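Asker:
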Amino acid sequence: MSDLPAAVLLDLDGTCVDSEPIWEHVERTYVEAHGAVLTAEHRRRVIGAPMWLTTQVIGEATGVPQDPAVLEPLLVAGVAARYREVGVPWIPGVARLIRWMHDEGVPVALVTASNREVVDVVLADAPGGGFDAVVSGSDRVSPKPAPDPYLLGAERAKADISQCLVIEDSETGIEGAMASGARVLGIPRFVDIAPRPGLNRLRDIRDLDAPTLARMMRGEGVDAFDGEMGLAPFAVRD
Numbered sequence: 605m606s607d608l609p610a611a612v613l614l615d616l617d618g619t620c621v622d623s624e625p626i627w628e629h630v631e632r633t634y635v636e637a638h639g640a641v642l643t644a645e646h647r648r649r650v651i652g653a654p655m656w657l658t659t660q661v662i663g664e665a666t667g668v669p670q671d672p673a674v675l676e677p678l679l680v681a682g683v684a685a686r687y688r689e690v691g692v693p694w695i696p697g698v699a700r701l702i703r704w705m706h707d708e709g710v711p712v713a714l715v716t717a718s719n720r721e722v723v724d725v726v727l728a729d730a731p732g733g734g735f736d737a738v739v740s741g742s743d744r745v746s747p748k749p750a751p752d753p754y755l756l757g758a759e760r761a762k763a764d765i766s767q768c769l770v771i772e773d774s775e776t777g778i779e780g781a782m783a784s785g786a787r788v789l790g791i792p793r794f795v796d797i798a799p800r801p802g803l804n805r806l807r808d809i810r811d812l813d814a815p816t817l818a819r820m821m822r823g824e825g826v827d828a829f830d831g832e833m834g835l836a837p838f839a840v841r842d
């Protein structure tokens with residue numbers, strides 16, 4: 605296998621974009637408009653959660669059951685508007701990685717469960733030359749932790765999934781990525797990442813350099829946490 609991947613497949617929330625503060629602002633604004641409070645426990649439960657669970661938690665916070673068909677479009681529109689208002693908070697190191705891969709002729713795909721309305725706002729502000737392929741929550745594939753989004757991302761990037769590198773920040777995304785047959789790098793941000801065979805882990809995307817990438821692609825394994833739990837620096841904790 606080459607020291608370079610056939611393609612790099614990037615998750616969005618927590619991997620490319622520091623989106624949790626954006627979602628928290630929108631969710632908190634909605635809950636407070638109903639005269640309630642979004643607690644730390646509520647936030648912990650919705651970080652990286654599917655929309656059905658977010659809807660359930662917000663219903664608990666407001667004391668009023670929420671209809672996902674009504675709430676999801678409101679939250680998505682709020683997040684898209686917030687990005688337009690304050691800008692897309694790209695995580696440091698993402699632009700460098702995208703530019704580096706493009707310089708090497710390696711396509712970069714965005715693979716996310718986020719709604720296309722949000723993704724389009726993000727794509728309009730994409731750094732480093734942008735993405736060569738996109739898979740969003742609007743595509744009709746089984747969501748993570750199924751491998752389908754990453755398989756589709758590799759197909760759209762015209763790459764063999766077994767020669768791709770996936771970068772993820774969540775257990776759900778990592779599960780799907782590993783099931784796809786790709787090389788996988790986990791970088792915890794809001795959610796801790798446990799060690800497991802075949803999973804590479806770094807503390808920061810800026811730590812990914814050419815020698816480290818080559819080791820991953822050769823299957824040698826890289827673990828910045830030395831087999832311990834990969835603690836997320838921005839996790840909501842007690």
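Mind the numbering: the sequence shown is residues 605 to 842 in the working numbering, read in order.
Note that CB positions come from ideal geometry on N, CA and C, so glycine has one too.
Treat the numbers as computed from the prediction; the structure is a model and nothing was measured.
Can you tell me where the beta strand (DSSP E) with residue 771 in it begins and where it stops?
Answerer: First-last of the beta strand (DSSP E) with residue 771: 768-772.
Asker: Can you round the beta-carbon distance between residue 760 and residue 713 to whole angstroms, since I take them to be within the 8 Å contact cut?
Answerer: 6 Å
Asker: When we look at the beta-carbon of residue 688 and count the other beta-carbons within 10 Å, is it buried (16 or more) or exposed?
Answerer: exposed
Asker: Is the beta carbon of residue 737 sitting closer than 9 Å to the one on residue 611?
Answerer: yes
Asker: If you check the beta carbons only, do residue 672 and residue 717 fall under 9 Å apart?
Answerer: no
Asker: In the structure shown, what three-state DSSP assignment does residue 651 receive?
Answerer: coil
Asker: With DSSP as the reference, please indicate the residues paired to residue 611 in a beta bridge.
Answerer: In DSSP, residue 611 forms a bridge with 768.
Asker: Roughly how many angstroms lie between the CA atoms of residue 681 and residue 722, to the nearest whole one?
Answerer: 8 Å
Asker: Tell me the residue span of the beta strand (DSSP E) that contains residue 668.
Answerer: First-last for residue 668: undefined, no H or E at that position.
Asker: Comparing C-alpha positions only, which one of 733, 715, 691, 634 sits nearest to residue 703?
Answerer: 733
Asker: Return the chain-ordered list of same chain residues with a C-beta closer than 7 Å to the C-beta of residue 622, the five sequence neighbours on each side being excluded.
Answerer: 693, 695
Asker: Please work out which residues of its chain come closer than 8 Å, Cβ to Cβ, to residue 817, disregarding the five sequence neighbours upstream and downstream, and give them in chain order.
Answerer: 607, 608, 609, 769
Asker: Hey, could you find the ends of the alpha helix (DSSP H) residue 713 is sitting in?
Answerer: Unbroken run through residue 713 is the beta strand (DSSP E), 712-715; no alpha helix (DSSP H).
Asker: For the candidate residues 776, 812, 805, whose alpha-carbon lies nearest to that of residue 825?
Answerer: Looking at the Cα atoms, 805 is the closest of the given residues.
Asker: Give me the residue from 628, 782, 749, 679 with the minimum Cα distance to residue 766.
Answerer: Nearest of 628, 782, 749, 679 to residue 766, Cα basis: 782.
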